[in-house]
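**Q** Sharing a structure here in structure tokens format.
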Amino acid sequence: MNPPAPRKPPLTSPDLTDHDLPGIGHRYELRSADGGRVVVVIHHSGRRDLYVVEPGHDEPQAVVALTDTQARTLGAILGGAYFKPAVVEEIEAVIGGLLIDWFTLDAGSPAVGRSIADLEIRRRTGMTVAAIVRDPQPVTAPEPGERLQAGDQLVVIGRQEDLARLRRHLAAPPGPDPSEAPDG
Amino acid sequence: MGDVLIGVGGAFLAAGIFARFGRRLGLPTIPFFMVAGILFGPQTPGLVVVEHPEDLELLAALGLILLLFHLGLEFSLDEMVSGGRRLLLAGGTYLLLNVGGGLAFGIALGWGTSEALVVAGAIGISSSAIVTKLLIELRRLANPESRLILGIIVVEDVFLALYLALLQPVLGDASGPADAALDFLVAFAFLVGLGAVARWASGVVGRLIDTPDDELLTVCFVGLAVLVAGVAEEMGVSDAIGAFMVGTVLAGSPVAERIERLVLPLRDTFAAAFFFAFGLTIDPGDAGDVVVPVALAVLLSVVLNVLAGQAAARLNGFGRTAALNIGLTVLGRGEFSLILATLAVGAGLDPRIGPFVALYVLVLAIVGPLLAGLSPAIARRLPRRPRPEPVPA
Chain F
0 MNPPAPRKPP
10 LTSPDLTDHD
20 LPGIGHRYEL
30 RSADGGRVVV
40 VIHHSGRRDL
50 YVVEPGHDEP
60 QAVVALTDTQ
70 ARTLGAILGG
80 AYFKPAVVEE
90 IEAVIGGLLI
100 DWFTLDAGSP
110 AVGRSIADLE
120 IRRRTGMTVA
130 AIVRDPQPVT
140 APEPGERLQA
150 GDQLVVIGRQ
160 EDLARLRRHL
170 AAPPGPDPSE
180 APDG
Chain B
0 MGDVLIGVGG
10 AFLAAGIFAR
20 FGRRLGLPTI
30 PFFMVAGILF
40 GPQTPGLVVV
50 EHPEDLELLA
60 ALGLILLLFH
70 LGLEFSLDEM
80 VSGGRRLLLA
90 GGTYLLLNVG
100 GGLAFGIALG
110 WGTSEALVVA
120 GAIGISSSAI
130 VTKLLIELRR
140 LANPESRLIL
150 GIIVVEDVFL
160 ALYLALLQPV
170 LGDASGPADA
180 ALDFLVAFAF
190 LVGLGAVARW
200 ASGVVGRLID
210 TPDDELLTVC
220 FVGLAVLVAG
230 VAEEMGVSDA
240 IGAFMVGTVL
250 AGSPVAERIE
260 RLVLPLRDTF
270 AAAFFFAFGL
280 TIDPGDAGDV
290 VVPVALAVLL
300 SVVLNVLAGQ
310 AAARLNGFGR
320 TAALNIGLTV
330 LGRGEFSLIL
340 ATLAVGAGLD
350 PRIGPFVALY
360 VLVLAIVGPL
370 LAGLSPAIAR
380 RLPRRPRPEP
390 VPA
């Protein structure tokens, strides 16, 4: 009967509402741009139900039941983990003020070939590189000495306001001379 | 030992296969577990899987304990308070109509006052299990009225715990009014005592059994639930109340969410044994005596539920489809009716209560989901309230 220990991060979008469904799980409702509703029900069993309700209706037009794994895959796709549309400059996941973003290094980036310590990413931008998605083997919790390569997808974590600084830092040369060859 | 194991295994399998058949038709599982018990028990000709119902006694008791433990675990006063006055009013109206109507019906049956009280609860309180499953299967979780339906169920669950305490003198072996009052006071004190633990000390109890290991957590919470249920029973309070209160104590602890997940398969298994064991005690030959009362009770429940649905919808500003959805979904009867019947039969009340509740639950199990599924179609056919004719431009 005590209030449950805080386990959910606060909602960050004004379009999103949520409440408990006693005996079933938790319900999230997202108001879509056209006035319709998307309702996600997360069951205690891990099952997710996705309801799509068109504007002006009470009954859903489509209902999909997903397993835990399927739901995570769909969530990752929607979050842009696999493919980021070019028109969208930033796709971020914000959880309670903490931001997780994916950042791909193209071959022209001055950061290619330099190590994380060398780039002073944390000191200069406040963001942390949590993992590097790289073929054939992703690197989790990379050491400071890890050298970045062209095509690396950096998974970065930090405060939302520091993201722009990181983008500038990795897109523009860190040193005074942009033509300076990377060491090594 | 071998014959007991064969009986227990056969009981689970028969219950499972029967309920699978029911699921194909979109019907709830609980009555089918019970029907399997009736058909494969000693009271009916043909294959007898369980010769001696007492072989299943312990398993059935665990089923009852876990059903109520889970209910307590889901119980959240905050949820009820956050639903506000309108939810309490909607739930209260529902209970007033249905339990009140059930009590009047029970008295009219003329089986006795104690029996009337049991009948009132058995036909007045909805089945959480059947209603929630129905909402999921009818794909109505996105509907605005579904939250209200689940809210009404929560109010009913709380009422059930209080009602069990109230029934304690009736179901116990009280020999006089003073004895009965004492029984009620002990039951009530027990509720208040564990309620206080739930309010202020659930963290301490949670820490007592908290471990990151799912295996150990399961062993510990099962132990705690069964132990407290047993102590409650020894104190003259029913094991059902004890189990419910342990659930509410743990509901406020940080491990609540993990226990909710871990207890489900255990609850489902042993609850099936409970329903099957109840079926074993039913002789279909007695059905003849209760057919008319059951038909009347079903009719009464449908009418009172639709009325209660209208009232709840009116209070919350929902339309007539939602109103009918509420009334016909909350119509589900199952575990609580059967729990009350089991307690009543155990206490030596009128034996007709067993077959009466069994048949009532069975009929509503088939009629209820059917009506709930059809409710939007029925609502469309209802006469509309007169509306001003659109003026042609």
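Chains F and B supply the protein sequences, listed in that same order.
So in numbering that gives the first Met the number 0, spot 115 of the first sequence is number 114, and the numbers just go up one at a time.
So in numbering that gives the first Met the number 0, spot 47 of the second sequence is number 46, and the numbers just go up one at a time.
Ideal placement from N, C-alpha and C gives every residue a C-beta, glycine not left out.
Count the other C-beta atoms from every protein chain shown that fall within 10 angstroms of the C-beta of residue 345 of chain B, then say buried if there are 16 or more, exposed otherwise.
**A** Within the second sequence, the letter at position 346 stands for residue 345 of chain B. Classification for residue 345 of chain B: exposed.
**Q** Starting from residue 50 of chain F, find everything on chain B with Cβ-Cβ shorter than 8 Å and list it in chain order.
**A** Against the first sequence, residue 50 of chain F aligns to sequence position 51. The answer, in chain order, is 138, 140, 141.
**Q** Taking residue 105 of chain F as the reference, give the member of F/153, F/44, F/33 with the closest Cα.
**A** Position 106 of the first sequence, counting from 1, holds the residue named residue 105 of chain F. The shortest C-alpha separation from residue 105 of chain F is found at F/153.
**Q** Would you say residue 375 of chain B reaches chain F, if we count a Cβ-Cβ gap shorter than 8 Å as a contact?
**A** Residue numbering aside, residue 375 of chain B sits at position 376 when the second sequence is read from its first letter. Cβ-Cβ to chain F under 8 Å: yes for residue 375 of chain B.
**Q** Output the distance between the C-alpha atoms of residue 356 of chain B and residue 105 of chain B, rounded to the nearest integer angstrom.
**A** Within the second sequence, numbered from 1, the residue matching residue 356 of chain B stands at position 357. Within the second sequence, numbered from 1, the residue matching residue 105 of chain B stands at position 106. Straight-line Cα distance between these residues: approximately 12 Å.
**Q** At a CB-CB cut-off below 7 Å, which residues of chain F make contact with residue 153 of chain B?
**A** Residue numbering aside, residue 153 of chain B sits at position 154 when the second sequence is read from its first letter. By Cβ distance, chain F contributes 21.
**Q** Apply the 10 Å Cβ neighbour rule to residue 180 of chain B and answer buried if 16 or more other Cβ atoms are within range, or exposed otherwise.
**A** The sequence position of residue 180 of chain B within the second sequence is 181, counting from 1. Answer is exposed; the Cβ neighbour count stays below 16.
**Q** Between the C-alpha atoms of residue 88 of chain F and residue 165 of chain F, what's the straight-line distance to the nearest angstrom?
**A** Residue numbering aside, residue 88 of chain F sits at position 89 when the first sequence is read from its first letter. Residue numbering aside, residue 165 of chain F sits at position 166 when the first sequence is read from its first letter. Reliability of the predicted coordinates at residue 88 of chain F is poor, the pLDDT of 48 falling under 50, and the value obtained from them is presented with this limitation in mind. Between residue 88 of chain F and residue 165 of chain F, the C-alpha separation is close to 14 Å.
**Q** Would you kindly work out how many angstroms separate the C-alpha atoms of residue 37 of chain F and residue 49 of chain F, rounded to a whole number?
**A** Start at 1 with the first residue of the first sequence, and residue 37 of chain F comes out as number 38. Start at 1 with the first residue of the first sequence, and residue 49 of chain F comes out as number 50. Distance between the alpha carbons of residue 37 of chain F and residue 49 of chain F is about 7 Å.
**Q** Compute the Euclidean distance between the alpha carbons of residue 258 of chain B and residue 167 of chain F, then round it to the nearest angstrom.
**A** Within the second sequence, numbered from 1, the residue matching residue 258 of chain B stands at position 259. Within the first sequence, numbered from 1, the residue matching residue 167 of chain F stands at position 168. Cα to Cα, the separation comes out at about 47 Å.
**Q** Go through its chain and collect everything with a Cβ distance to residue 26 of chain B's Cβ below 7 Å, but skip five positions before and after it.
**A** Within the second sequence, numbered from 1, the residue matching residue 26 of chain B stands at position 27. So the list reads 364, 365, 368, once near-sequence residues are dropped.
**Q** Count the C-beta pairs between the stretch 236 to 247 of chain B and the stretch 30 to 46 of chain B that are closer than 8 Å, then say yes if the count reaches three, no if not.
**A** Output reads no: the stretch 30 to 46 of chain B does not touch the stretch 236 to 247 of chain B.
**Q** Could you list which residues in chain B have their beta carbon closer than 7 Å to that of residue 54 of chain F, in chain order?
**A** On the first sequence, position 55 is the one that residue 54 of chain F refers to. The contacting residues do not exist; residue 54 of chain F stays about 14 Å from chain B at best.
**Q** Would you kindly work out how many angstroms separate the C-alpha atoms of residue 134 of chain F and residue 118 of chain F, rounded to a whole number?
**A** One-based indexing of the first sequence puts residue 134 of chain F at position 135. One-based indexing of the first sequence puts residue 118 of chain F at position 119. For residue 134 of chain F and residue 118 of chain F, the distance between alpha carbons rounds to 22 Å.
**Q** Which of helix, strand or coil does DSSP assign to residue 14 of chain B?
**A** Here the question's residue 14 of chain B lines up with position 15 in the second sequence. Of the three classes helix, strand and coil, the one that applies to residue 14 of chain B here is helix, per DSSP.
**Q** Considering residue 162 of chain B, what are the terminal residues of the beta strand (DSSP E) in which it resides?
**A** Here residue 162 of chain B is taken as the residue at index 163 of the second sequence, counted from 1. Annotation for residue 162 of chain B: no beta strand (DSSP E) segment contains it, though the alpha helix (DSSP H) segment containing it runs 143 to 170.
**Q** Show which residues of chain F have a CB atom less than 8 Å away from the CB atom of residue 146 of chain B.
**A** For the purposes of this step, residue 146 of chain B is taken as the residue at position 147 of the second sequence. What residue 146 of chain B touches in chain F: 18, 20, 26.
**Q** By Cβ distance below 8 Å, which residues in the same chain neighbour residue 197 of chain B in space, the five residues on each side in sequence not counted?
**A** To locate residue 197 of chain B, count along the second sequence from 1; it is residue 198. Correct list, in chain order: 244, 247, 248, 250, 251.
**Q** Distance, Cα to Cα, residue 81 of chain F vs residue 162 of chain F?
**A** On the first sequence, residue 81 of chain F is found 82 positions in, with the first residue counted as 1. On the first sequence, residue 162 of chain F is found 163 positions in, with the first residue counted as 1. Approximately 20 Å between the Cα atoms of the pair.
**Q** Could you please tell me which residues of the stretch 102 to 131 of chain B, in chain order, have their CB closer than 9 Å to any CB of chain F?
**A** Within the stretch 102 to 131 of chain B, the residues whose Cβ lies closer than 9 Å to some Cβ of chain F are 127, 128, 130, 131, listed in chain order.
**Q** Who are the neighbours of residue 260 of chain B on chain F, taking C-beta pairs under 7 Å?
**A** Counted from its first residue, the second sequence places residue 260 of chain B at position 261. 43, listed in chain order.
**Q** Would you mind giving the Cβ-Cβ distance between residue 126 of chain B and residue 70 of chain B, rounded to the nearest angstrom? I have them listed as a contact below 8 Å.
**A** As a position in the second sequence, residue 126 of chain B is number 127, starting the count at 1. As a position in the second sequence, residue 70 of chain B is number 71, starting the count at 1. Going by Cβ atoms, the distance from residue 126 of chain B to residue 70 of chain B rounds to 11 Å, so no, they are not a contact pair.
**Q** Given this structure, state the Cα-to-Cα distance separating residue 226 of chain B from residue 67 of chain B, to the nearest angstrom.
**A** In the second sequence, residue 226 of chain B corresponds to position 227, counting from 1. In the second sequence, residue 67 of chain B corresponds to position 68, counting from 1. Distance between the alpha carbons of residue 226 of chain B and residue 67 of chain B is about 14 Å.
**Q** Give the residues of chain F in contact with residue 73 of chain B, contact being defined as C-beta atoms less than 8 Å apart.
**A** Taking the second sequence and counting its residues from 1, the one referred to as residue 73 of chain B is at position 74. Residues of chain F passing the Cβ test: 21, 22.
**Q** Just the chain B side, please: which residues come within less than 9 Å of residue 40 of chain F by C-beta, in chain order?
**A** For the purposes of this step, residue 40 of chain F is taken as the residue at position 41 of the first sequence. Neighbours of residue 40 of chain F on chain B, chain order: 135, 140, 141.
**Q** Counting pairs of beta carbons, one from the stretch 8 to 24 of chain B and one from the stretch 114 to 122 of chain B, are three or more of them closer than 8 Å?
**A** Output reads no: the stretch 114 to 122 of chain B does not touch the stretch 8 to 24 of chain B.
**Q** What does DSSP give as the partner residues of residue 27 of chain F in its beta bridges?
**A** What you label residue 27 of chain F is simply residue 28 of the first sequence in a count that begins at 1. Answer is F/17, F/39.
**Q** Between B/102, B/91, B/256, which lies nearest to residue 157 of chain B when the distance is taken from Cα to Cα?
**A** Counting from 1 along the second sequence, the entry for residue 157 of chain B is found at position 158. Here the closest residue by C-alpha is B/91.
**Q** By alpha-carbon positions, which one of F/13, F/99, F/143, F/24 ends up nearest to residue 134 of chain B?
**A** One-based indexing of the second sequence puts residue 134 of chain B at position 135. With distances taken between Cα atoms, residue 134 of chain B lies closest to F/24.
**Q** Using a beta-carbon distance below 8 Å, is residue 0 of chain F in contact with chain B?
**A** Along the first sequence, one-based indexing puts residue 0 of chain F at 1. Residue confidence is low: residue 0 of chain F scores 41 on pLDDT, short of 50, so the model does not pin down where it sits. Its coordinate-derived value is still stated next. Output row for residue 0 of chain F: interface = yes.
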